[in-house]
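Novice: For the sequence shown, the positions run 17 to 166 when our numbering is used.
Each residue gets a CB set at the ideal place from its N, CA and C atoms; glycine is no exception.
This is the structure, below, for whatever I ask next.
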Amino acid sequence: MPCYDKKLEASRHEFEVPATAGGDEEPHKEVDLVLGTNEFAQALDDLLGGDNETIPSLAPPPTTEGSFNECSYLLSSFIGCLSGGAQIKNKEVSKVPPTYLTLEERPALMSGPSQRLLVAMKDKCPPESYFTNFRTAPRVEIINPSALKW
C-alpha cells in the first residue's frame, strides 16, 4: 500500500496525460485514486461492518502460515515514507508481517484479472503508456511547506 506521500506525488503535474491534439479536452490525471493503508483499512471496515467478518464469495482458500523469522526483514522498515500518516496504526501493525508471509508469491501482471485488463487496454493504450518514467528532482530546502507546489 502506498504511503500518504504517494498521494502528493500523484497530484503533480508531471503525472498528467496530455489532451488529444486538436481537441478541447483538458489534460487528465494519470492516476484516478491513491489510497493510503489507513484509508484502505477504513474502506474494508465500512464494507464489512467493522466486525472483521468474511464475505464468503471473496474468502481466500486456506493457507499454511510461514515462520515469522523466514523473512522478518521484509516489513521491518517503511523505506520511502516520510510522513507515516497513512500507515496502519497501533495493534493492527503487528498483524501485518504474519499476514504478509501467508501470501503466495506471483509474477507481476500474470493473474487472470491482470491479463483481462491488459487485453482490454491493448486497443486503447499503447504499451509504453502502462509505465511511468521517473526522474530525480533537485533537492529544495523547504522554508514554508504550505507554499510547496505539487
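Please work out which residues of its chain come closer than 7 Å, Cβ to Cβ, to His44, disregarding the five sequence neighbours upstream and downstream, and give them in chain order.
Specialist: Closer than 7 Å at Cβ, skipping near neighbours: Glu32 and Val33.
Novice: With C-beta atoms as the reference, is Ala26 less than 9 Å away from Glu46?
Specialist: Cβ distance < 9 Å, so Ala26 and Glu46 count as in contact.
Novice: What's the gap between the Cα of Leu227 and the Cα of Glu30?
Specialist: It is not possible to answer for residue 227, since the shown part of the chain is limited to 17 through 166.
Novice: How big is the Cα-Cα spacing for Ser88 and Val109?
Specialist: Residue confidence is low: Ser88 scores 49 on pLDDT, short of 50, so the model does not pin down where it sits. Its coordinate-derived value is still stated next. The straight-line gap from Cα to Cα measures roughly 14 Å.
Novice: What did DSSP end up calling Glu55 once you bin it into helix, strand or coil?
Specialist: Looking at Glu55 - three-state DSSP - the assignment turns out to be helix.
Novice: Any idea if Thr152 is buried or exposed, counting beta-carbon neighbours within 10 angstroms, 16 or more meaning buried?
Specialist: Exposed.
Novice: For Lys111 and Thr118, I'd like the C-alpha separation in whole angstroms.
Specialist: Cα to Cα, Lys111 sits roughly 11 Å from Thr118.
Novice: Does DSSP classify Lys45 as helix, strand or coil?
Specialist: Here Lys45 sits in strand by DSSP.
Novice: Evaluate Gly128 with the Cβ neighbour count: other Cβ atoms within 10 Å of its Cβ, from every protein chain shown; 16 or more gives buried, anything less gives exposed.
Specialist: The residue in question, Gly128, is exposed, as its Cβ has fewer than 16 Cβ neighbours within 10 Å.
Novice: Any idea if Asn149 is buried or exposed, counting beta-carbon neighbours within 10 angstroms, 16 or more meaning buried?
Specialist: Burial call: exposed.
Novice: DSSP three-state call for Val109: helix, strand or coil?
Specialist: Three-state result, Val109: helix.
Novice: What's the gap between the Cα of Asn54 and the Cα of Glu157?
Specialist: Each residue's alpha carbon lies about 29 Å from the other.
Novice: Specify the secondary structure class of Val50 as computed by DSSP and reduced to three states.
Specialist: Correct three-state label for Val50: coil.
Novice: Cutting at 6 Å between CB atoms, please list the residues of its own chain near Val50, excluding the five before and the five after it.
Specialist: Pro18, Lys22, Lys23 and Ala26, listed in sequence order.
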